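Trainee:
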Amino acid sequence: LRADGFERAFAIKWVTGFISRLEGGFDIKGEIAQRTKLMEDATTILSQFSTGEDEEDSSANEPRSFTFSSPSDQQITVELNDEPVSTQDHTSVGLQSWTSSILLAERIAASPFTFLPRHLIDGAKPIRVLELGAGTGLLSIVTAKILQHESIIDKPVSNTIIATDYHPDVLENLKKNIQTNFPDPSPLPPPSTSSTKSSSALPIEANYLDWANPRFDAPMDERFDVILAADVVYHPDHARWIKNCVEKYLRLPTQYDSDTRIGSEVSRGGGIFWLMIAVRITGRHEGLDITVDECFREGMGNGPRLVILEKKEVVKPGSYGRADEGSYRLYKIGW
């Protein structure tokens with residue numbers, strides 16, 4: 005089916021339309037779980053049609069092209085350069101695009117208002133998006149293309165998308181990928197007094213960030229509406245460092261309601277942290293997915309606390325993934 009252009013286009017259009025209809029939800033009581041299951045099945049099927057190559061260790065520079073379906077008829081195309089990963093330096097893994105980022109990018113493109121809330125996109129206030137461990141920049145680039153799409157936002161606004169990473173070689177490659185996908189930056193509205201953007205700039209800024217030592221100078225001096233990350237846990241400390249960053253960078257809720265069932269306060273609103281990780285079943289990274297659950301589990305005390313709001317298991321697509329990746333897990337984390 006994927007080899008037949010006509011059949012492939014028809015299937016993509018039908019499945020994407022089905023996902024869009026599911027976004028409307030069901031009014032009948034008891035069908036929420038069914039809708040969620042259908043959404044997961046549909047996005048899994050859609051993932052089979054992405055045009056990224058199989059993920060293998062590479063010893064040479066490798067241009068990759070990805071095409072993602074969106075609710076509109078226009079597809080989202082991303083061109084990335086994958087650099088060889090150093091066998092001596094684990095922090096250079098961001099030089100390649102991993103399956104977790106591809107799967108999350110597919111979901112963002114297919115259901116943008118799930119990951120980029122409609123009330124933020126449609127509102128007058130610009131949206132602020134942060135990507136942690138951006139690597140090749142796939143998530144930020146897909147998000148920027150979605151926000152620029154005419155069918156999603158009618159008026160150009162000075163949105164802020166910050167793609168961050170730690171390794172200097174990764175940052176250099178990230179900047180090249182941003183320039184490749186946005187060769188002709190469009191003029192932007194006059195920036196606010198707190199923004200560092202010029203009147204004509206790339207829609208994504210690449211910045212250095214050390215999770216163990218978060219920075220708070222511009223553009224990291226304001227909190228973000230949405231934080232994205234994929235395949236960022238390669239060490240037992242990473243989940244803890246990431247939580248520390250998200251606590252400092254994610255927009256706080258503006259309202260708290262008393263919940264007598266748990267004798268505490270429950271936050272309403274606030275930003276969302278979307279995290280996709282690989283569940284590794286062998287090798288030195290086996291079991292690190294557990295550290296995410298441990299760091300973001302429900303705790304006691306007053307005030308806002310970051311917890312897992314939703315967690316979904318994602319089946320490993322047949323055409324993607326390394327041998328040590330048994331499946332994937334998508335987290336929705338918030339206050």
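Under this note's numbering, think of the first position of the sequence shown as 5, with each following residue one higher.
Yeah, the Cβ is synthetic: ideal placement off N, Cα and C, and Gly gets one too.
What you are looking at is a predicted structure, and each value in this text was computed from that prediction instead of being measured.
1) Could you tell me which residues DSSP pairs with V237 in its beta bridges?
2) So Y253 is in the alpha helix (DSSP H); what residue range does that whole segment cover?
3) Which same chain residues, not among the five before or five after A282, have their C-beta less than 6 Å away from its C-beta?
4) For W1 and I231, I'd like the C-alpha separation in whole angstroms.
5) According to the Cβ coordinates, are F228 and Y253 closer than 7 Å?
6) With DSSP as the reference, label S162 as helix, strand or coil.
7) Would you mind stating whether Y170 and D225 have Cβ atoms separated by less than 7 Å?
8) Quick one: grab the DSSP three-state call for G338.
9) Would S69 pass as a contact of T20 if the rule is Cβ separation under 7 Å?
10) For W18, which of L143, K315 and A46 has the nearest alpha-carbon?
11) So, with DSSP's three-state summary, where would you put E314?
12) How about L84 and T140: do their beta carbons lie closer than 7 Å?
13) CB-CB under 7 Å to Q42, same chain, minus the five flanking residues each way: which ones, in chain order?
14) Under 8 Å Cβ to Cβ from G287, same chain only, skipping five residues before and after it: list those, please.
15) Quick check on this structure: which residue in Q78, R122 and V237 has the alpha carbon closest to the alpha carbon of H289?
16) Closest by CA to Q79, which one among S101, A114 and L108?
17) What did DSSP end up calling V319 once you bin it into helix, strand or coil?
18) Can you give me the C-alpha to C-alpha distance between I166 and E298, rounded to a whole angstrom?
19) Where does P172 land, buried or exposed, given buried means 16+ other C-beta within 10 angstroms?
20) So what's F119 in DSSP terms, helix, strand or just coil?
21) Kindly indicate which three-state DSSP category W18 falls into: helix, strand or coil?
22) Quick one: residues in its chain with C-beta nearer than 8 Å to the C-beta of L108, no 5 flanking neighbours on either side, listed in chain order?
23) First and last residue of the beta strand (DSSP E) that includes E135?
24) What three-state label does DSSP hand A167 in the structure shown?
25) So what does DSSP say about T286, is it helix, strand or coil?
26) Mapping DSSP to helix, strand and coil, what is S104?
27) Report the rounded CA-to-CA distance for S268 versus R301, giving the unit in angstroms.
28) Distance check for T168 and Y212, CA to CA, integer angstroms please.
29) Output the distance between the C-alpha atoms of P121 and T295, rounded to the nearest integer angstrom.
30) For D241, does the count of other Cβ atoms within 10 angstroms reach 16, so buried, or fall short, so exposed?
31) Would you kindly report the start and end of the unbroken beta strand (DSSP E) that includes E302?
32) Spatial neighbours of P67 within its chain, please: CB distance less than 8 Å, with the 5 preceding and 5 following residues excluded, ordered by chain position.
33) At which residues does the alpha helix (DSSP H) containing A222 begin and terminate?
34) How many Å lie between R326 and I285 at the Cα?
Mentor: In this structure, then:
1) V237 pairs with nothing; no bridge assigned.
2) Per DSSP, the unbroken alpha helix (DSSP H) holding Y253 starts and ends at H242 to Y253.
3) S104, D235, E329 and Y332
4) A query on residue 1 cannot be resolved here, the shown segment of the chain reaching from 5 to 339 and no further.
5) yes
6) In the three-state reduction of the DSSP assignment, S162 falls in the coil class, being assigned neither a helical nor a strand state.
7) no
8) strand
9) no
10) A46
11) strand
12) yes
13) Residue identity differs from the one stated: residue 42 is Leu in this sequence, not Gln. Excluding sequence positions up to five before and after L42, its CB lies within less than 7 Å of the CB of L26, all in the same chain and listed in chain order.
14) D328
15) Ranking the options by Cα distance to H289, first place goes to V237.
16) A114
17) coil
18) 27 Å
19) Burial call: exposed.
20) Helix, per DSSP.
21) DSSP places W18 in helix when its eight states are reduced to three.
22) L143, L232, A234, W278, M280 and L334
23) R132 to L136
24) strand
25) coil
26) helix
27) The predicted position of S268 is uncertain, since its pLDDT is 47 and thus under 50; no value can be drawn from it.
28) 5 Å
29) Cα-Cα distance, rounded: 28 Å.
30) D241 comes out exposed.
31) Careful: E302 lies outside any beta strand (DSSP E) and carries neither H nor E.
32) E83, L84, N85 and D86
33) Element bounds for A222: n/a, residue is neither H nor E.
34) Cα-Cα distance, rounded: 11 Å.
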